[in-house]
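Residue numbers (the working numbering): 794 to 1218.
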């Protein structure tokens, strides 16, 4: 038994009382339970309670024992002056505010079935604690909850963009360029790609967005990968010469090439290929931020991500090393990964910042149009009976597992709420 469980029961009107009176005999009638406070201060605020026929509006505090009021130092904290009702399982001491006001205390009881279900969830050592009870929950409620969890995931993903935006003094184009660059690292080289974009402002990039060769010279030069060798094939030498000119023109300082990771990677994921693809995306899109933010159909976004690199990369994975011919366009999985992890969350954040519901809805709808992802977590959800129909649901299920199930936050989860509050035994 803990206070979080009592707060859950109070919020859902599941606590029992022997009578409707405080320990001092005040008649208590709860009109509104109040709103759960997730920050410091009383547990519930804006509650409405009739005490001896008089309506009080204020805060409610809940403890296992009324003496916990003093153990938690509420009696010397002005934040608790507006508590109109104290709720506890056990009344062992009167509750007084800092100014000496006596707070009515309502003694409550816990339904044993609710406690049993909560305890079972907390004690289970399953992949998700509720997997044996999921069949009891209305599938519509599960889908509705997953919609809320998806929004939470989009907010979490956009948080890093908000930090970038602030660092870039609210420059949306620069921020999107850096965020998209980072995503081209596909985890292994994401930090390196972000450093690359920070070392090469978009204003320099946009000078040459109509020239793929010069874009490659800038990006590869700044990456440090053109300094790997003093000699090379004709294309390598031309890029190196062009970069030396651009480096002097813009007073650039290149990264060190050893920062990039090639080991134990498929050749298509080599940073050389990803940089070539990023250059091609800038070249063919003719304006990254506006094109991606203005797209109204998923097909438009996918079209922007369908391009080929310069012909040099048709038979190269690294500079100066010939390979079997193969076009180096972005694969379908890579396209969807960029959309799910960067472009759509950025669109969502952009809509929130501008208070444009159409952009927010568009981001959510795009997610629902993308096929479901395939990974170990999603396969496990399928095994326990929850099948994802689109990336909307796979993203929500990833968030649910990693933010709720992993930490046994069943009281914060609508699925857990339904199982605990169920009338069935």
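Backbone N, C-alpha and C define an ideal beta-carbon position, used for all residues, glycine too.
Computed from a prediction, not measured in an experiment: that's the story for all the values here.
Query, Result
"Beta-carbon proximity list for residue 1079, same chain, < 8 angstroms, skipping 5 on both sides", "1002 and 1003"
"C-alpha gap between residue 1135 and residue 837, whole angstroms", "37 angstroms"
"Own chain, CB closer than 7 angstroms to residue 1145, minus 5 neighbours either side, in chain order", "1153"
"Beta-carbon separation (whole angstroms), residue 840 vs residue 820, contact threshold 8 angstroms", "Contact doesn't hold; Cβ gap of about 16 angstroms is too wide."
"Residue interval of the beta strand (DSSP E) (run including residue 1111)", "1109-1111"
"Sequence-distant residues of the same chain with beta carbon closer than 8 angstroms to residue 806, five excluded per side", "826"
"Separation of residue 868 from residue 882, as counted between CA atoms", "19 angstroms"
"Integer-rounded CB distance, given that residue 878 should sit under 8 angstroms from residue 850", "That belief does not hold up - the Cβ atoms of residue 850 and residue 878 are roughly 11 angstroms apart, past 8 angstroms."
"Beta-bridge pairing of residue 842 - partner residues as DSSP gives them", "823 and 849"
"Residue 1172 burial status per 10 Å Cβ neighbour count (16 or more: buried)", "exposed"
"Span of the beta strand (DSSP E) around residue 881", "876-883"
"Minimum C-alpha distance to residue 1186 - residue among 1162, 876 and 1147", "1162"
"Reduced DSSP category for residue 1199 - H, G, I as helix; E, B as strand; rest coil", "helix"
"Residue 1063 - DSSP class collapsed to helix/strand/coil", "coil"
"Rounded straight-line distance, which links the Cα of residue 1069 to that of residue 936", "40 angstroms"
"Whole-Å CB distance - residue 1060 paired with residue 1028, under 8 angstroms assumed", "Rounded, the Cβ-Cβ distance is 18 angstroms, inconsistent with contact."
"Residues near residue 1128 by beta carbon distance below 8 angstroms, same chain, minus five either side", "1095, 1098 and 1099"
"Backbone CA spacing between residue 907 and residue 809 [nearest angstrom]", "11 angstroms"
"Inter-residue spacing [alpha-carbon to alpha-carbon] between residue 873 and residue 903", "25 angstroms"
"Beta-carbon proximity check, residue 862 vs residue 880, cutoff 7 angstroms", "no"
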